[in-house]
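**Student:** Before we start, here is the structure in question, set down as structure tokens.
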Amino acid sequence: MPPLLETVISLHKALTQLDDLEQRLSGVPEEMRELHERYQADRAELDRLEAIVEEARAERRAAEAGAQDATVKLKHYQEQVNRVRTQREYSAILQEIDQTRELSRGREEEALAAMEKQEAAETEIAAVRQEFDEIEAQYQVELEKWEAAKPGVAAQAETLRAEIATLREAVPPPSLMLFERVREANQGDALAEVREIQRSRGARMWHCTACSYNVRPQVVVEIRNQGSLVQCDSCRRLLFIEEPAA
């Protein structure tokens, strides 16, 4: 393979490897992703249920305070019954007593509903907590392993950065600009292999493995003989040919 194309392929491979390493360093390693998602989901569910418990406690306190306030008012109205002098005053006091009793019952029902809501959430928490504790223990073990492995991964990334810098210097600026532009346009997937289409008879034909577009024979010759950076007429990726091992 001609030197320029070989260098570009090596640069592409090194950049792809560096992207993978940097993604691992900045996020969650692929081997931990499923466990991480389960851990996060259970943690979020526990947080949700604990929020419900706190909300129910607040509702219960408010309802009990309201019921207590209604009880005080009811006692006050009942003490006034014997002091009224007219039928109109008597009817008004009875109406206040009825309304206060209704309010008290409503607050007691709210307190009971809040207590039931709290107990239901606490029951769910107990069930989720058991599973979460097991996952958390496993997660912490894997996390410790990953933290121990991180310096090695960071060192690999640093070695690749130095290699990439050297490879960039070996590529002429116009070719490097073309490679970078194609790589950015295709989200890092800058190259596409050209393969021969298997035919039982007739002329030999080739296609781009990225988009299946037919590649002209003269392009194949140009890539093989000159190592030129040629773009696919369809997907615009840079084409290369993987020659069979000798």
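Counted the way the numbering used here counts, the sequence shown spans residues 23 to 268. Glycine included, every Cβ here is placed at the ideal spot set by N, Cα and C.
Taking the beta carbon of L261 as the centre, do at least 16 other beta carbons fall within 10 Å, making it buried, or is it exposed?
**Tutor:** Taking the sequence shown and counting its residues from 1, the one referred to as residue 261 is at position 239. Buried: at least 16 other Cβ atoms inside 10 Å.
**Student:** Roughly how many angstroms separate the alpha carbons of R254 and C233, rounded to a whole number?
**Tutor:** One-based indexing of the sequence shown puts residue 254 at position 232. One-based indexing of the sequence shown puts residue 233 at position 211. Arg is not the amino acid found at residue 254; the sequence shown has Cys there. Each residue's alpha carbon lies about 9 angstroms from the other.
**Student:** Less than 8 angstroms separating the beta-carbons of A179 and T29?
**Tutor:** Along the sequence shown, one-based indexing puts residue 179 at 157. Along the sequence shown, one-based indexing puts residue 29 at 7. Their beta carbons are not under 8 angstroms apart, which means A179 does not touch T29 by this criterion.
**Student:** Quick one: measure Cβ to Cβ for L198 and R190, integer angstroms, because I've assumed they're closer than 8 angstroms.
**Tutor:** Locating residue 198 in the sequence shown gives position 176, where the first residue counts as 1. Locating residue 190 in the sequence shown gives position 168, where the first residue counts as 1. Right, their Cβ atoms sit about 6 angstroms apart.
**Student:** For E202 and C257, I'd like the C-alpha separation in whole angstroms.
**Tutor:** Taking the sequence shown and counting its residues from 1, one reaches residue 202 at position 180. Taking the sequence shown and counting its residues from 1, one reaches residue 257 at position 235. C-alpha separation (whole angstroms): 15 angstroms.
**Student:** Using the C-alpha atoms, what's the distance from V50 back to V242?
**Tutor:** Within the sequence shown, the letter at position 220 stands for residue 242. Within the sequence shown, the letter at position 28 stands for residue 50. Cα to Cα, the separation comes out at about 41 angstroms.
**Student:** Keeping to the same chain, check which residues put their C-beta closer than 7 angstroms to that of A143; ignore five residues upstream and five downstream.
**Tutor:** Residue 143 sits at position 121 when you count from the first residue of the sequence shown. Here the set comprises L71, I74, V75, A78.
**Student:** Taking the CB atoms as reference points, tell me whether F154 and R65 lie closer together than 8 angstroms.
**Tutor:** Working through the sequence shown from its first residue, we reach residue 154 at position 132. Working through the sequence shown from its first residue, we reach residue 65 at position 43. Cβ atoms of F154 and R65: closer than 8 angstroms.
**Student:** Reducing DSSP to helix, strand and coil, say where V193 ends up.
**Tutor:** By one-based count along the sequence shown, residue 193 stands at place 171. If DSSP states are grouped into helix, strand and coil, V193 belongs with coil.
**Student:** When DSSP labels each residue in this structure, what does V50 get in the three-state scheme?
**Tutor:** Along the sequence shown, read from residue 1 onward, the residue named residue 50 stands at position 28. Residue state, collapsed to three classes: coil.
**Student:** In angstroms, rounded to a whole number, what distance separates the CA positions of A148 and E67?
**Tutor:** Residue mapping note: residue 148 aligns to position 126 of the sequence shown, counting from 1. Residue mapping note: residue 67 aligns to position 45 of the sequence shown, counting from 1. If you take the alpha carbons of A148 and E67, they lie about 12 angstroms apart.
**Student:** For R205, which residues of its own chain have a beta-carbon under 8 angstroms away from its beta-carbon, when the five flanking residues on both sides are left out?
**Tutor:** Translated into positions along the sequence shown, residue 205 becomes position 183. If we look at R205 and ignore the five residues flanking it on each side, its Cβ neighbours are H34, L37, D211, A212.
**Student:** Less than 8 angstroms separating the beta-carbons of A89 and S126?
**Tutor:** Taking the sequence shown and counting its residues from 1, one reaches residue 89 at position 67. Taking the sequence shown and counting its residues from 1, one reaches residue 126 at position 104. Yes.
**Student:** Where does I263 sit, in a helix, a strand or coil, going by DSSP?
**Tutor:** Against the sequence shown, residue 263 aligns to sequence position 241. Coil.
**Student:** When the Cα atoms are used, what is the spatial distance from E101 to I115?
**Tutor:** Mapped onto the sequence shown, residue 101 falls at position 79. Mapped onto the sequence shown, residue 115 falls at position 93. Cα-Cα distance, rounded: 10 angstroms.
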